[in-house]
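For the record, the sequence lines run as chains A and B. Using the numbering used here, you'd call the opening residue of the first sequence number 1 and step up by one each time. Using the numbering used here, you'd call the opening residue of the second sequence number 1001 and step up by one each time.
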Amino acid sequence: MKDLSQENYDVMRSKARDFCATSWPLSGPEADLPFREQVICWQKHAINAGFLHRSVPAEYGGGGMAPDIRAEMIIKREFAESDVPYLESTPNGPQFLVPALLECGTETQNQKYIERTLTGEFDWCQGYSEPNAGSDLAALSSRAELTNDGWLINGQKIWTSNAHSANMMFGVFRTEKDAKRHRGVSFLIVPMDTPGILARPIKTMHGSVDDICEVFFDDVIVPAENIVGERGDGWRVTRSVLKYERLWLADTSVVRVQFNRLLTLAEQTLRGGRPAITDPHIRQTLSEIEAWVRCQELLIERLIAAESHGAGEQLDGEMQFVKLLATKTQDAVAQLAFDLIAESGLLAPKGAELTTLQNLPKIVSERRWANAFFASLANALGGGTSNMQRNAIGENLLGLPRDIRGAG
Amino acid sequence: MDLWLSEDQRLIQESCRNYLDAECQPRVVRQAYDTDLTFDRRLWAGIQEVGATGVAIPEQFGGLGLGMMELALLSEELGRHATPFFLEGHNIAGLAIALGGSPKQRDKLLPGLASGDKVATLAMLTMDRSREQTTRSTPSPSADRLYFVPLADVADLFVVELGDGRVGILERDGTEVEVRALDSIDCSRKFFEITFDPSAIDVLPNISSDVLSSAALTVLAADAFGAATRLVEETTVYAKTRRQFGFPIGQFQSVKHQLAELALSAISTRGLFWDAAMSFDNDPRASLRSASMAKAHITQQSMYVARQSVELHGGIGFTWECDVQLFFKRIMFDRNYLGTPEFHRERCATLAGWCK
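Rendered as structure tokens:
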């Protein structure tokens, strides 16, 4: 295991670049494996070389290094610019669950789940929303009852990304009959191959059947030890997961790469025989989008600087803007791209996969940009809608009186 | 570059804020609006005393010996309090002479500016003339008259943007400068027209007008940031106290969400002016693009915040009596003086080399 933390960041940048160029595609016998297994192999190489999951303890399969956000941002930026498959797995496991387990999990759980999650062997989906518990998550009603065989789960989740392809789920279920709302839920781990689980894809507006699902639980039984945290303590674990999800959303390496691709599109698209980027209106719009991108980048730069002075919490307030900022930028990028591709944007994206924040940088073709016109909307919904973000900013940051709400 | 304030910088900003909280409340600002007063000697004397007249002037000349970042933090506080009399311009003039003056010019001028016994201001080209003239190679000052010069009535010294990319100084002492007041909207920084003899201008040998403008754009962005964040705070307080339909209006989601958007528009831009200021301290010539980006984006977003703040205050927000107008007009000045957002967005595009 190499320790890069003492090295100069510029050196690290060029090492990451070299690693990207030489580590993928795989060579030798590994190159003949199925794609998914190739991704697992590559991720193991990246962990061993000190580029991925650097700060996860070595005994759980991570890099065992001190946290260094700046280093991680540099590496991610290089990864995003290249073709390495670092975004092929969903962030649910490695980015959200792992740090939450390190905060709330038992030693046995950490041993059992973390390493296999980092390599991608365990691929996770998140069981939160329900048909009658969306923004009001605490109204969830899927039940888990502790029996002699373990937790007996009945109910339904919805808007579950990747549920049909994931082999594991973490989520919240109502376990305490007499406790109201969030006080009555627990955080459970549910293998997706457990009998009684049905994951049914939901066709999205742009024609994809490959992303979000509804998940039905019919007398599903999972071992009693699959609870993370105490009974009725699921809300605390969930808050920890969501905290890391917001941090992940702040990953600006992706946003910058995406902006650069938009610039390329504007250079390559012709308007009246000249590159569109010479059009004053396009230049204005690009310039304005870049300023928003820069606001995000600089917020993270300041977070990195604050962390290095042991004062990260001073930015807790401003970090609440991150998701809305990202949504705003994604929206502006998608709309300008739609302008640039003009009529081509009216042709159905073939094999439409949901082009989210993660894989948008890979977009180069016009059809993929057309896809982004729909997919950018997902940013306004996933992980809490924009209006819920505005509620949180209004109440937590500005201290406005709480909304008129029902029970609890 | 570590995007973080040192303990000293934090203390400087805090002491600026505390001083202005006490000495520059809206009723003080209003004297510039409701009387003919254009320069408040008492307020200036206080500012002199805390050293804020010589922020970026080296200590050997009696200044604080600090940089652009500290000047930006001071400017944020000036915007936050709508402090009259263009102290930003005075400080940028001092910075320009410190950076670009000959040893003789520095020795002669800096001590007076640092102490604040002498007052300096900026005389810059306006939008319609700046672009073509900075690329023109006329060696002599192109104008004998400049418009939109703040603080000209009391200024002892003008730092003048010449038409050929150079910067000069004009001393009141040695030549006749005719000053005519313009009926200005932002009374905290009233404009004047000045007429002078161009041959009286003494060129600063070591500074270009690009660098001067980079410094000025950065403090304008910081000023607008301060004014906009103040408006978000004031409007939030209003939304917590004003009751309609039996509830504080801030409890209604329409108002809460509008305020959340204002907070985002105002506060999330902080990094832009920090970045511009720190770039300037690192290498002034390398800060042109970040200064333009900060000026364009922050002043544009701040103007949005100001207009929405009026709306959220309802009828009272539209009155002379309501303090919102002080910050609203402050931001108008920051937005249109020295180039509109559109102008600076195009400049960002050009400086990035987006082909044209």
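Where a beta carbon is used, it is the ideal one built from N, C-alpha and C, also for glycine. None of the values given here were measured: they were computed from a predicted structure.
Mapping DSSP to helix, strand and coil, what is residue i?
{"i": "LYS203 of chain A", "result": "coil"}
{"i": "TRP24 of chain A", "result": "coil"}
{"i": "LEU1003 of chain B", "result": "coil"}
{"i": "VAL172 of chain A", "result": "strand"}
{"i": "LEU357 of chain A", "result": "For LEU357 of chain A, the predicted structure reports a pLDDT of 40, less than 50, and the residue's modelled location is therefore unreliable. A value from the coordinates is still provided. LEU357 of chain A: coil per DSSP, three-state reduction."}
{"i": "ARG402 of chain A", "result": "coil"}
{"i": "PRO191 of chain A", "result": "strand"}
{"i": "GLN43 of chain A", "result": "helix"}
{"i": "VAL230 of chain A", "result": "The sequence as given places Glu at residue 230 of chain A; Val does not occur at that position. Note: GLU230 of chain A maps to coil in three-state DSSP."}
{"i": "SER5 of chain A", "result": "Caution applies to SER5 of chain A, whose pLDDT of 47 falls short of 50 and renders its modelled position unreliable; the model cannot decide the point."}
{"i": "CYS213 of chain A", "result": "strand"}
{"i": "ARG143 of chain A", "result": "strand"}
{"i": "ASP10 of chain A", "result": "helix"}
{"i": "ASN379 of chain A", "result": "helix"}
{"i": "ASP409 of chain A", "result": "Because chain A spans 1 through 408 in this model, residue 409 of chain A falls outside it and cannot be assessed."}
{"i": "PRO280 of chain A", "result": "helix"}
{"i": "ALA16 of chain A", "result": "helix"}
{"i": "ASN387 of chain A", "result": "helix"}
{"i": "PRO1026 of chain B", "result": "helix"}
{"i": "PRO275 of chain A", "result": "strand"}
{"i": "LEU347 of chain A", "result": "coil"}
{"i": "ALA1123 of chain B", "result": "strand"}
{"i": "ARG1145 of chain B", "result": "strand"}
{"i": "LEU52 of chain A", "result": "coil"}
{"i": "GLU290 of chain A", "result": "helix"}
{"i": "LEU1264 of chain B", "result": "helix"}
Can you grab the Cα-Cα spacing for the pair residue i / residue j, in whole Å?
{"i": "MET192 of chain A", "j": "TRP248 of chain A", "result": "25 angstroms"}
{"i": "LEU1351 of chain B", "j": "PRO280 of chain A", "result": "14 angstroms"}
{"i": "PRO361 of chain A", "j": "VAL257 of chain A", "result": "For PRO361 of chain A, the predicted structure reports a pLDDT of 42, less than 50, and the residue's modelled location is therefore unreliable. A value from the coordinates is still provided. If you take the alpha carbons of PRO361 of chain A and VAL257 of chain A, they lie about 6 angstroms apart."}
{"i": "LYS243 of chain A", "j": "PHE96 of chain A", "result": "8 angstroms"}
{"i": "SER14 of chain A", "j": "ALA21 of chain A", "result": "11 angstroms"}
{"i": "ALA342 of chain A", "j": "PHE170 of chain A", "result": "42 angstroms"}
{"i": "PHE1158 of chain B", "j": "ALA1200 of chain B", "result": "11 angstroms"}
{"i": "ARG1330 of chain B", "j": "ASP1202 of chain B", "result": "32 angstroms"}
{"i": "ASP1197 of chain B", "j": "THR1126 of chain B", "result": "19 angstroms"}
{"i": "GLN320 of chain A", "j": "ALA1266 of chain B", "result": "14 angstroms"}
{"i": "PHE1252 of chain B", "j": "GLU1233 of chain B", "result": "17 angstroms"}
{"i": "ARG283 of chain A", "j": "VAL1179 of chain B", "result": "40 angstroms"}
{"i": "VAL1154 of chain B", "j": "ASP1036 of chain B", "result": "14 angstroms"}
{"i": "HIS182 of chain A", "j": "GLN1300 of chain B", "result": "42 angstroms"}
{"i": "GLY64 of chain A", "j": "SER55 of chain A", "result": "5 angstroms"}
{"i": "LEU1043 of chain B", "j": "VAL1050 of chain B", "result": "11 angstroms"}
What are the residues that DSSP puts in a beta bridge with residue i?
{"i": "PRO1150 of chain B", "result": "B:PHE1191"}
{"i": "PHE1225 of chain B", "result": "In the DSSP output, where bridge partners are listed per residue, PHE1225 of chain B has none listed."}
{"i": "TRP124 of chain A", "result": "A:MET168"}
{"i": "THR160 of chain A", "result": "A:CYS213"}
{"i": "TRP151 of chain A", "result": "A:LEU146 and A:VAL222"}
{"i": "VAL1203 of chain B", "result": "B:GLY1168"}
{"i": "SER186 of chain A", "result": "A:PHE173"}
{"i": "GLN1244 of chain B", "result": "B:PHE1247"}
{"i": "GLN1161 of chain B", "result": "The sequence as given places Glu at residue 1161 of chain B; Gln does not occur at that position. Looking at the DSSP assignment, GLU1161 of chain B forms a beta bridge with B:VAL1167."}
{"i": "LEU198 of chain A", "result": "A:PHE216"}
{"i": "GLU307 of chain A", "result": "Paired residue(s): none; GLU307 of chain A is not in a bridge."}
Query - Residues, ordered as in the chain, of the region 1233-1246 of chain B that lie near chain A by beta-carbon distance below 8 angstroms - result: Under the 8 angstroms Cβ criterion, the region 1233-1246 of chain B contributes THR1236, ALA1239 and LYS1240.
Requested in this report: Taking a Cβ distance cut-off of 9 angstroms, strictly less, list which residues of the region 66-96 of chain A are near chain B, in chain order.
Outcome: none
Report task. Pull out every residue of the region 294-321 of chain A whose Cβ sits closer than 7 angstroms to any Cβ of chain B, in chain order. Result -> Taking 7 angstroms as the cut-off between beta carbons, the residues of the region 294-321 of chain A near chain B are ARG294, CYS295, LEU298, LEU299, GLU301, ARG302, ALA305, ALA306, HIS309, GLU318 and PHE321, in sequence order.
Query raised in the report: For the region 1232-1240 of chain B against the region 1253-1269 of chain B, are there 3 or more C-beta pairs whose distance is under 8 angstroms?
Result: yes
Requested in this report: Check whether the region 221-236 of chain A touches the region 265-283 of chain A, counting contact only when three or more Cβ pairs, one atom from each stretch, lie closer than 8 angstroms.
Outcome: no
Query raised in the report: What are the residues of the region 271-285 of chain A that lie near chain B, defined by any Cβ-Cβ distance shorter than 8 angstroms?
Result: PRO275, ILE277, THR278, PRO280, ARG283 and GLN284
Query raised in the report: Taking Cβ-Cβ distances below 9 angstroms as the criterion, which residues of the region 1264-1281 of chain B are in contact with chain C?
Result: The chain labelled as chain C is not found among the protein chains of the depicted structure, namely A and B.
Requested in this report: Please confirm if the region 122-140 of chain A is in contact with the region 156-174 of chain A, defined as three or more CB-CB distances below 8 angstroms between the two stretches.
Outcome: yes
Requested in this report: Give, in chain order, every residue of the region 1281-1293 of chain B whose Cβ lies closer than 7 angstroms to some Cβ of chain A.
Outcome: MET1293
Requested in this report: With 8 angstroms as the C-beta to C-beta threshold (strictly closer), list the residues of the region 1034-1054 of chain B near chain A in chain order.
Outcome: none
Report task. Taking a Cβ distance cut-off of 7 angstroms, strictly less, list which residues of the region 373-387 of chain A are near chain B, in chain order. Result -> ASN387
Query raised in the report: Between the region 1168-1187 of chain B and the region 1323-1340 of chain B, do at least 3 Cβ pairs fall closer than 8 angstroms?
Result: yes
Query - Three or more C-beta pairs below 8 angstroms linking the region 1065-1072 of chain B and the region 1110-1127 of chain B - result: no
Query raised in the report: Pairing CB atoms from the region 1202-1219 of chain B with CB atoms from the region 1265-1280 of chain B, are three or more of them under 8 angstroms?
Result: The region 1202-1219 of chain B is in contact with the region 1265-1280 of chain B.
**Report entry** Three-pair Cβ contact test at 8 angstroms for the region 302-320 of chain A versus the region 1289-1300 of chain B
**Finding:** no
Query raised in the report: Any chance the region 1045-1055 of chain B sits against the region 1301-1316 of chain B, with 3 or more Cβ pairs inside 8 angstroms?
Result: no
Query raised in the report: Is the region 59-73 of chain A touching the region 136-153 of chain A, taking contact as three or more C-beta pairs under 8 angstroms?
Result: With the cut-off at 8 angstroms, the region 59-73 of chain A and the region 136-153 of chain A do not touch.
Query raised in the report: Does the region 366-375 of chain A come close enough to the region 293-305 of chain A to have 3 or more Cβ pairs within less than 8 angstroms?
Result: At 8 angstroms Cβ cutoff, the stretches do not touch.
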